[in-house]
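Participant: Numbering (mature numbering (1 follows the signal peptide of the UniProt record, and there is no 0)), first residue to last: -19 to -1, 1 to 200. Think of the CB as a built atom: it goes at the ideal place given N, C-alpha and C, for glycine as much as any other residue. Fair warning: this is a prediction, and the values are worked out from it, not measured in the lab.
1) Check whether the Cβ atoms of residue 36 and residue 69 sit closer than 8 Å, and answer yes or no.
2) Considering only the beta carbon of each residue, do residue 50 and residue 79 sit closer than 8 Å?
3) Roughly how many whole angstroms lie between the Cα atoms of residue 81 and residue 73?
4) In this structure, does DSSP put residue 30 in helix, strand or coil?
5) When you compare only the Cα positions, how much space is there between residue 66 and residue 85?
6) Hey, quick one: how far does the alpha helix (DSSP H) through residue 68 stretch, first residue to last?
7) Can you grab the Cα-Cα spacing for the pair residue 54 / residue 41, in whole Å?
8) So for residue 190, helix, strand or coil by DSSP?
9) Decide if residue 59 is buried, meaning its Cβ has at least 16 other Cβ atoms within 10 Å, or exposed.
10) Would you tell me roughly how many angstroms separate the C-alpha atoms of residue 145 and residue 189, rounded to the nearest one?
11) Between residue 29 and residue 76, is the Cβ-Cβ spacing less than 8 Å?
Written out as structure tokens, the structure is:
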């Protein structure tokens, strides 16, 4: 036979006799072919896998070009698992490297070739490489706003500062107050520590009284 016919035969049976998965990747794509029972690997070289461009488990046609990480693929409808693309997406999307074992259970029911020898079925797939995972990790996390509790505290401090400033200005310019007497509502602030103390004592006494047993009056 001629050299061209020998080459054609080799291409036709190559997927059936793979002893190990073949993998190729470039910066934009990664493709691989693996027989059932073998591990298949997609490697984007640090980029994240962003989409599955082709995936077929059964007897798909095509070869993985080791130079560019792509291939000219074709699904064989008579022997193709309908859930192949979804299964590869679940395994690979968002990862810089994806590796799993090719099994029939992973891809869902096959068509008419389901009863064929498992050695005559394989997975061919091609993924697209997207965002650089290293750059994504190095990027600073998004800045979050101030928590609600601190916002309320800041608002109270601002309002208190306005109240204090305006109150002092009014008492100094209109009433001629001097020194500590210029503080607005100075009498209330003087009594505040005692009011707080009384409130604490009252609360403690209330808690203690609830913890005491009640006795019925004995006549």
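Facilitator: Reading from the atomic positions:
1) Numbered from 1 along the chain shown, position 55 holds the residue referred to as residue 36. Numbered from 1 along the chain shown, position 88 holds the residue referred to as residue 69. Against a cut-off of 8 Å, the Cβ pair of residue 69 and residue 36 comes out as a contact.
2) One-based indexing of the chain shown puts residue 50 at position 69. One-based indexing of the chain shown puts residue 79 at position 98. Against a cut-off of 8 Å, the Cβ pair of residue 79 and residue 50 comes out as no contact.
3) Locating residue 81 in the chain shown gives position 100, where the first residue counts as 1. Locating residue 73 in the chain shown gives position 92, where the first residue counts as 1. Roughly 9 Å between the two C-alpha positions.
4) Residue numbering aside, residue 30 sits at position 49 when the chain shown is read from its first letter. Three-state result, residue 30: strand.
5) Position 85 of the chain shown, counting from 1, holds the residue named residue 66. Position 104 of the chain shown, counting from 1, holds the residue named residue 85. Between residue 66 and residue 85, the C-alpha separation is close to 13 Å.
6) Locating residue 68 in the chain shown gives position 87, where the first residue counts as 1. Run containing residue 68: 65 to 73, per the alpha helix (DSSP H) assignment.
7) Mapped onto the chain shown, residue 54 falls at position 73. Mapped onto the chain shown, residue 41 falls at position 60. In a straight line, the C-alpha of residue 54 is about 7 Å away from that of residue 41.
8) Walking along the chain shown from the start, residue 190 turns up at place 209. Residue 190: helix per DSSP, three-state reduction.
9) Residue mapping note: residue 59 aligns to position 78 of the chain shown, counting from 1. Exposed.
10) As a working note, residue 145 is residue 164 in the chain shown. As a working note, residue 189 is residue 208 in the chain shown. Each residue's alpha carbon lies about 39 Å from the other.
11) By 1-based counting over the chain shown, the position of residue 29 is 48. By 1-based counting over the chain shown, the position of residue 76 is 95. Yes, they are a contact pair.
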